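K.L.:
Residue numbering for the sequence shown follows the working numbering, beginning at 18 and increasing consecutively.
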Amino acid sequence: MLKKTIRRQVLIPLSLTFIVLVTSFIYTSYRIHTDGYSARLSSRYERVQNILHSLINGRAEAMNSVVAFIAEQNRFHSAMLDKDRDRLLRHGSALLDRLYQQQQISHFYFHDTDGRLFLRVYQPDNLSDSPNRFTMQQAKTRAKPSSGLELGRNGTFTLRLVYPWHIQQELIGYIELGQEIDPILRELK
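#1: Once DSSP output is grouped into helix, strand and coil, what is the label at residue 148?
#2: Could you spell out the range, first to last residue, of the beta strand (DSSP E) harbouring residue 179?
#3: Could you give the DSSP three-state label for residue 189: helix, strand or coil?
#4: Could you tell me whether the Cβ atoms of residue 139 and residue 125 are closer together than 8 Å?
#5: Have a look at 157, 54, 120 and flag the residue whose alpha-carbon is nearest the alpha-carbon of residue 183.
#6: Applying the criterion that 16 or more other CB atoms from any shown protein chain within 10 Å of the CB defines a buried residue, is residue 82 buried or exposed?
#7: Check whether the Cβ atoms of residue 165 and residue 151 sit closer than 8 Å, and answer yes or no.
#8: Would you call the segment 86-98 in contact with the segment 58-66, where contact means no fewer than 3 C-beta pairs closer than 8 Å?
#9: Grab the span of the alpha helix (DSSP H) containing residue 117 for me, first residue to last.
#10: By Cβ distance below 6 Å, which residues in the same chain neighbour residue 99 in space, the five residues on each side in sequence not counted?
#11: Run through DSSP, which three-state label would residue 155 get?
#12: Should residue 148 go down as buried or exposed, given a rule of 16 or more other Cβ atoms within 10 Å for buried?
#13: Between the alpha carbons of residue 68 and residue 205, how many angstroms are there, rounded?
#14: Over what stretch of residues does the alpha helix (DSSP H) that includes residue 82 continue unbroken?
#15: DSSP beta-bridge partners for residue 165?
#16: For residue 176 and residue 199, what's the separation of their Cα atoms in angstroms?
#17: Spell out the partners DSSP gives residue 195 in its beta bridges.
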């Protein structure tokens, strides 16, 4: 009888205390591990976002330099002012080949002053108007270059830059360059 009393009075509470302590230890360890994992994951996410943002901005700045160079070329001026698609295509095609090899720029457009497609250099036979893109709307509204990631018709994300093209303070159209996001993601990786 004394054994049963000792068992009830000492061993059962001691066992329950031990179970509570072990359970608390396991739960606390689990929480510490998941909180640490969550913090590391959040930190990694922030770093990747910052790097991606930096890469996109760097590419957009490079495209802006290229477009500014194109906009200053007399051969493009005269072809656009004369509304000569063939001449624009001839000059643009040679340039697009180099741009693709050096900077993976795959999209090259000329738009009129209303933002309607005038020439799609990489697909000259396709004269269908582009969808109403945010970058074009921003460039028209602000009268400044606009860039951003946009989803294309074929489902690919493309970094686009739309540049209002002025000659002597007069708008003659818009130049647009685009680069699919794949090279940027490869660099990010």
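C-beta: ideal position from N, C-alpha, C; glycine also.
All figures in this text were calculated on a predicted structure; none of them were measured in a lab.
P.N.:
Based on what the coordinates show:
#1: coil
#2: 174-184
#3: strand
#4: yes
#5: 157
#6: exposed
#7: yes
#8: no
#9: 102-120
#10: none
#11: helix
#12: exposed
#13: 7 Å
#14: 29-89
#15: 177
#16: 10 Å
#17: 124, 177
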